[in-house]
Each structure stands twice: as structure tokens, then as C-alpha cells.
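Numbering (the numbering used here), first residue to last: 502 to 653.
All C-beta atoms in this analysis are idealised placements derived from N, C-alpha and C, irrespective of residue type, glycine included.
Keep in mind that this is a model prediction, so the values were computed, not measured.
Structure first, commentary second.
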């Protein structure tokens, strides 16, 4: 079943708070009503984070709102969800998180060409205050340059 859905939910707060070192695309284990809510773009990633438990990667605090047409079988909005990755990748990222003080952050949820929900996770390091100021300054200068180029 191929769909032309261009659904992509991005955690903009994560790109401001963290510096991304590496990214991976993982599958996510969902219930039936959760995928329907994702297709309606009713997802919030702002407080989400990932943790390794028993050599499996889980994502916490992704808010997927309850499906409006769901029945008593509706899902819990903030339950933990398993990410589907290879064991080697999970071990490699878990070792990097333990050694260097890095975090695994879900950055984006999207639906691929086959209609499956995927999560883009990033290995990230927290930014300092001066790094955040620099990124704000870069955005402002880029906006000013775009305005100047449009006015010509």
C-alpha cells in the first residue's frame, strides 16, 4: 500500500537545545489508533527522550493524542514505545551515551512511502548558553539576508 502522505512532525526545540552528532531512522511499535492519530498530525515531541533498557531502545513522553473516532480500545497518549533498531546499533549508541554523556533524542516522526511510521533519532550533546545565543544570531542574520535579497 503506497501513500502520498507528506506527514512529518519535527521537534524544533531539540535542534535549539542540542547539537546533533549522528542520526538514525528507526521503526516504532504502535497500536492501531496511534498510527491514525499520527496521520492526523496530532503528535508532540517537545519533551521526548530515549532510553536503553534490556538491550532495547524505548522512547518516552511522545504525546500522541487519542484518536477522535476511537472506542474503548484507544491508546494512552504518553506511554513508552519501543523503537525498532538492530542490536548492534543500539549497543553502539548505548556505549557512546554511557561514556561521553550524550543523549538520544527523537527528532522527527514521519510516514514513509510504504505507509509506515518512522522516527528519526539523534545522538545529541546539550548546548551551552553561548551556543544557543550563537544559533539565534545566525538565524537573525539569515533572515536579514533573505529580506535584502527579496527586496532587490
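### Query
When the Cβ atoms of the segment 537 to 551 are set against those of the segment 641 to 652, are three or more pairs found closer than 8 Å?
no
#### Entry: Entirely enclosed beta strand (DSSP E) segments - the segment 503 to 565, minimum 3 residues
509 to 511, 519 to 529, 550 to 554 and 557 to 561
#### Entry: Closest residue to residue 511 among 629, 525, 547 and 626 (Cα-Cα distance)
547
### Message
Taking the beta carbon of residue 503 as the centre, do at least 16 other beta carbons fall within 10 Å, making it buried, or is it exposed?
### Response
Only weak support is given to the placement of residue 503: the predicted model assigns it a pLDDT of 49, under 50, and the question is left unresolved by the model.
### Query
First and last residue of the alpha helix (DSSP H) that includes residue 621?
From DSSP, residue 621 is part of no alpha helix (DSSP H) but of the beta strand (DSSP E) over 618 to 627.
### Message
Judging by CA-CA distance, which residue of 605, 647, 627 and 618 is the nearest neighbour of residue 559?
### Response
605
### Query
Apart from the five residues just before and just after residue 603, which ones in its own chain have a Cβ nearer than 8 Å to its Cβ?
522, 597, 624, 625 and 626
### Message
I need the straight-line Cα distance from residue 582 to residue 620, nearest angstrom please.
### Response
11 Å
#### Entry: Opposing strand residues paired with residue 607 [DSSP bridges]
622
### Query
At which residues does the alpha helix (DSSP H) containing residue 650 begin and terminate?
630 to 652
### Cα-Cα separation between residue 570 and residue 534, rounded to whole angstroms
9 Å
### Query
To which residues of the same chain is residue 578 closer than 7 Å at the C-beta, ignoring the five residues directly before and after it?
564, 565, 566 and 567
### Task
Going by CA-CA distance only, name the one from 508, 622, 507 and 517 that's closest to residue 634.
517
### Message
Do residue 609 and residue 509 have their beta-carbon atoms positioned less than 8 Å apart in this structure?
### Response
yes
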